[in-house]
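What follows is a set of notes on a single structure, which appears directly below.
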Amino acid sequence: MYNGVIQKMQTEYTDPVNYDFLIGDSKVNLNELINSKISLVWSGEVVCVCGKKLKKFYRQHFCYQCYWNAPEASPSIFKPELCTADLGIEERNLAWEKKFQLVPHCVYLANSSGLKVGITRNNNQLTRWMDQGAVQGSLIAVVPNRRISGLVELELKKVLSDRTNWRKMLSGSPQKLDLIQAKNQYIKYIPSELQQFIIPENKVVNIQYPVAVYPVKVNSLNFYKCNIIEGTLLGIKGQYLLFDDNRVFNVRSHQGFIAKLSI
Ligand SMILES: [Zn+2]
Numbered sequence: 048m049y050n051g052v053i054q055k056m057q058t059e060y061t062d063p064v065n066y067d068f069l070i071g072d073s074k075v076n077l078n079e080l081i082n083s084k085i086s087l088v089w090s091g092e093v094v095c096v097c098g099k100k101l102k103k104f105y106r107q108h109f110c111y112q113c114y115w116n117a118p119e120a121s122p123s124i125f126k127p128e129l130c131t132a133d134l135g136i137e138e139r140n141l142a143w144e145k146k147f148q149l150v151p152h153c154v155y156l157a158n159s160s161g162l163k164v165g166i167t168r169n170n171n172q173l174t175r176w177m178d179q180g181a182v183q184g185s186l187i188a189v190v191p192n193r194r195i196s197g198l199v200e201l202e203l204k205k206v207l208s209d210r211t212n213w214r215k216m217l218s219g220s221p222q223k224l225d226l227i228q229a230k231n232q233y234i235k236y237i238p239s240e241l242q243q244f245i246i247p248e249n250k251v252v253n254i255q256y257p258v259a260v261y262p263v264k265v266n267s268l269n270f271y272k273c274n275i276i277e278g279t280l281l282g283i284k285g286q287y288l289l290f291d292d293n294r295v296f297n298v299r300s301h302q303g304f305i306a307k308l309s310i
């Protein structure tokens, strides 16, 4: 039995993706547990990034104080075009924001539940695609900071989705897309002053997930509704565990929950 705070699953790009469940100080390989029974039991407590223990998060993974004050929850986290560290303007904590924002970022196309656009730190794209359950991914542009990636994405969001339909993503493998053709089709929407950041190479990464059986009709589990989750693990995709009886559990949205894992 493993005890402690749940974190987002650690992924490794192998064929299929290798998943480790992080709980407390333990790391449990999940690929080996597919078709086995596992159980997760929530203690009734959660821990915020600030270390405060609560019965329930205020919003997302934050307590009230952090949601309104911590740089991890500032508006530019959700809307990267609002970043201002490169302009020397503080949002909530300039030192933190400089470290987080002033590194190269990339803009990508991925196929999770269909074509989508997204941004992430440069070289983090594989992790991001695996976390989203994308089966294909390809870079469009590499830019010097997070704000500029947000500006590129903002233009592409006018013509492309930036969301994953998680029910669709979990219900099977989407139809393969020609991401290079999509890149050539959509880069014309990037304004001329940002065209310099488009990368010339056209590389598509394909990703396979360890799924024995996909759910037919997705039924989402959550600790606030039921603190005991047990069943046969039938697969892992994105940050979701797929259980028998069409049940799915989003590990990422349970980050910070104090729980027990039995295998
Ligand atoms: Zn907090």
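When we follow the numbering used here, the leftmost residue of the sequence shown carries the number 48, and every step to the right adds one.
All residues carry an ideal CB built from backbone N, CA and C; glycine is no exception.
| field | DSSP-derived helix/strand/coil call for Cys97 | value | Residue numbering aside, residue 97 sits at position 50 when the sequence shown is read from its first letter. Cys97: coil per DSSP, three-state reduction.
| field | Other residues of its chain near Asp209: CB distance less than 7 Å, five sequence neighbours each side excluded | value | For the purposes of this step, residue 209 is identified with residue 162 of the sequence shown, where counting begins at 1. Correct list, in chain order: Lys163, Val164, Gly165, Glu200.
| request: Report whether the distance from the Cβ of Gln112 to the nearest heavy atom of ligand 1 is below 8 Å. | output: Numbered from its first residue, the sequence shown carries residue 112 at position 65. Gln112: yes, Cβ under 8 Å from ligand 1.
| Do Gly278 and Val260 come within 9 Å of each other at the CB atom, strictly closer than that value? | Translated into positions along the sequence shown, residue 260 becomes position 213. Translated into positions along the sequence shown, residue 278 becomes position 231. Going by C-beta atoms, Val260 is not nearer than 9 Å to Gly278.
| field | Residue from Trp176, Asn82, Pro191, Ile275 with nearest C-alpha to Ser185 | value | Here the question's residue 185 lines up with position 138 in the sequence shown. Comparing Cα positions, the closest option is Trp176.
| Which value, in whole angstroms, describes the spacing of the CA atoms of Asn274 and Ser90? | Here residue 274 refers to the residue found at position 227 of the sequence shown. Here residue 90 refers to the residue found at position 43 of the sequence shown. Answer to the nearest angstrom: the Cα atoms are 8 Å apart.
| query | Where DSSP assigns a beta bridge to Phe109, which residues make up the other side? | reply | If you number the sequence shown from 1, residue 109 lands on position 62. Arg106, per the DSSP bridge assignment.
| field | For Lys204, the nearest candidate out of Val190, Arg299, Leu156, Ile70 (CA to CA) | value | Against the sequence shown, residue 204 aligns to sequence position 157. It is Leu156.
| request: Find out if the Cβ-Cβ distance for the pair Leu82, Leu280 is shorter than 9 Å. | output: Along the sequence shown, read from residue 1 onward, the residue named residue 82 stands at position 35. Along the sequence shown, read from residue 1 onward, the residue named residue 280 stands at position 233. The residue asked about is misnamed: residue 82 is Asn in this sequence, not Leu. Taking 9 Å as the Cβ cut-off, Asn82 and Leu280 qualify as a contacting pair.
| query | Can we say the region 50-63 touches the region 234-251, given the rule of at least three CB pairs closer than 8 Å? | reply | no
| field | Buried/exposed call for Phe104, threshold 16 Cβ in 10 Å | value | By one-based count along the sequence shown, residue 104 stands at place 57. Buried is the call here.
| query | For Glu79, which residues does DSSP report across the bridge? | reply | Within the sequence shown, the letter at position 32 stands for residue 79. Looking at the DSSP assignment, Glu79 forms no beta bridge with any residue, so it has no partner.
| task | Spatial neighbours of Phe312 within its chain, please: CB distance less than 6 Å, with the 5 preceding and 5 following residues excluded, ordered by chain position. | result | This structure leaves residue 312 out entirely; the chain is present only between 48 and 310.
| task | Please list the segments of the alpha helix (DSSP H) lying wholly inside the region 121-196, counting only runs of 4 or more residues, in order along the chain. | result | 122-125, 141-148, 172-179
| said: Measuring only the C-alpha atoms, how far is Leu207 from Val251? | reply: Taking the first residue of the sequence shown as position 1, residue 207 is located at position 160. Taking the first residue of the sequence shown as position 1, residue 251 is located at position 204. Between Leu207 and Val251, the C-alpha separation is close to 18 Å.
| Would Ile305 pass as a contact of Ile53 if the rule is Cβ separation under 9 Å? | The count along the sequence shown starts at 1 and reaches residue 305 at position 258. The count along the sequence shown starts at 1 and reaches residue 53 at position 6. Yes, the Cβ-Cβ distance between Ile305 and Ile53 is below 9 Å.
| said: Please state whether the Cβ-Cβ distance between Val154 and Trp213 is less than 9 Å. | reply: Here residue 154 corresponds to residue number 107 of the sequence shown, with the count starting at 1. Here residue 213 corresponds to residue number 166 of the sequence shown, with the count starting at 1. Taking 9 Å as the Cβ cut-off, Val154 and Trp213 do not qualify as a contacting pair.
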